[in-house]
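Q: Structure in structure tokens, see below.
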Amino acid sequence: MGGAGRPAEPAAPAEPAAPAAGSAEMPAGSAEAPADAQPHFVAPDLRCHASWLEALREAHAEGRHDRLDEMRLQDSAEFGRFVAALRADVSRPGAVAGYLAALSGTPVETWPDGYVPQTWLWWVAGDRFLGRLSIRHRLTPHLLVEGGNIGYARRRAPARRRAGHRIRASRQRRG
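Everything in the sequence shown is counted per the working numbering, starting at 10 for the first residue and increasing by one.
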């Protein structure tokens, strides 16, 4: 789930940007989106906690994103710190890497040419996490060869496949 030169985690978030209305708390009840919820991009949002954890379990089952500790991220406060790191990555490049290092108790990973400012967006329908987009605001010599400006990932669970989310996300990103 991600471009080279950057640890790619299912969308992940120090100091959050102003949260979207209603995103300060996870709503009670089901994580299912209303049938008429249109997929769209949002800043990483606490409302997607339950479905983001589902996506993480799917990734773990495929052997991906093992640096993200599902048990710890089940805690709402910990998930809030993760979301805050994602939101801070544009003003503090490497915020996500720092968060992951602190979470796992390991040194911060370094990348050729360092980190660049990056905006993380989640592709959601209601409070259902469907995927993520990361936009790197500048490129290093390394990212010119491996990685590029845009990284994206969508959930790979069979129930989410062939639903047209990649095409709709691509169209919204251009438009």
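Virtual Cβ for every residue (Gly too), placed ideally from N, Cα, C.
On a predicted model such as this, the values are computed, not experimentally measured, just so you know.
Can you tell me the Cα-Cα spacing of ARG90 and VAL99, whole angstroms?
A: Cα-Cα distance, rounded: 15 Å.
Q: Would you mind giving the Cβ-Cβ distance between PRO150 and TYR124, rounded to the nearest angstrom? I have them listed as a contact below 8 Å.
A: That belief does not hold up - the Cβ atoms of PRO150 and TYR124 are roughly 14 Å apart, past 8 Å.
Q: Rounded to the nearest angstrom, how far is the Cβ of VAL105 from that of CYS57, given a contact under 8 Å?
A: No, VAL105 and CYS57 are not in contact; Cβ-Cβ is about 16 Å, not under 8 Å.
Q: Would ALA52 be called buried (16 or more neighbouring beta carbons within 10 Å of its own) or exposed?
A: Buried, because 16 or more other Cβ atoms sit within 10 Å of the Cβ of ALA52.
Q: Please state if the CB of GLY157 and the CB of ARG145 are separated by a distance shorter than 9 Å.
A: Taking 9 Å as the Cβ cut-off, ARG145 and GLY157 qualify as a contacting pair.
Q: Look at the Cβ atom of LEU130, then the Cβ atom of ASP78, and state whether they are nearer than 9 Å.
A: For LEU130 and ASP78, no; Cβs fall outside 9 Å.
Q: For GLY135, count neighbouring Cβ atoms within 10 angstroms of its own Cβ and tell me buried if that reaches 16, exposed if not.
A: Burial call: buried.
Q: Could you tell me the distance, in whole angstroms, from the CA atom of SER143 to the CA atom of PRO126?
A: When rounded, the distance between both Cα atoms is 10 Å.
Q: Any idea what DSSP makes of VAL133, helix, strand or coil?
A: Correct three-state label for VAL133: strand.
Q: Which residue comes first and which comes last in the beta strand (DSSP E) that contains VAL51?
A: Counting along the chain, the beta strand (DSSP E) containing VAL51 begins and ends at 49-51.
Q: Measuring alpha carbon to alpha carbon, tell me which of ALA97, GLY114, THR128 ends up nearest PHE50.
A: It is THR128.
Q: Measure the alpha-carbon distance for GLU34 versus GLY107 and round it to whole angstroms.
A: Unreliable positioning characterises GLU34 in this predicted model, as indicated by a pLDDT of 35, which lies under 50. A coordinate reading is not provided.
Q: Does GLY31 come out as helix, strand or coil in the three-state DSSP assignment?
A: Annotation note: pLDDT 36 at GLY31 (below 50); position unreliable, no value reported.
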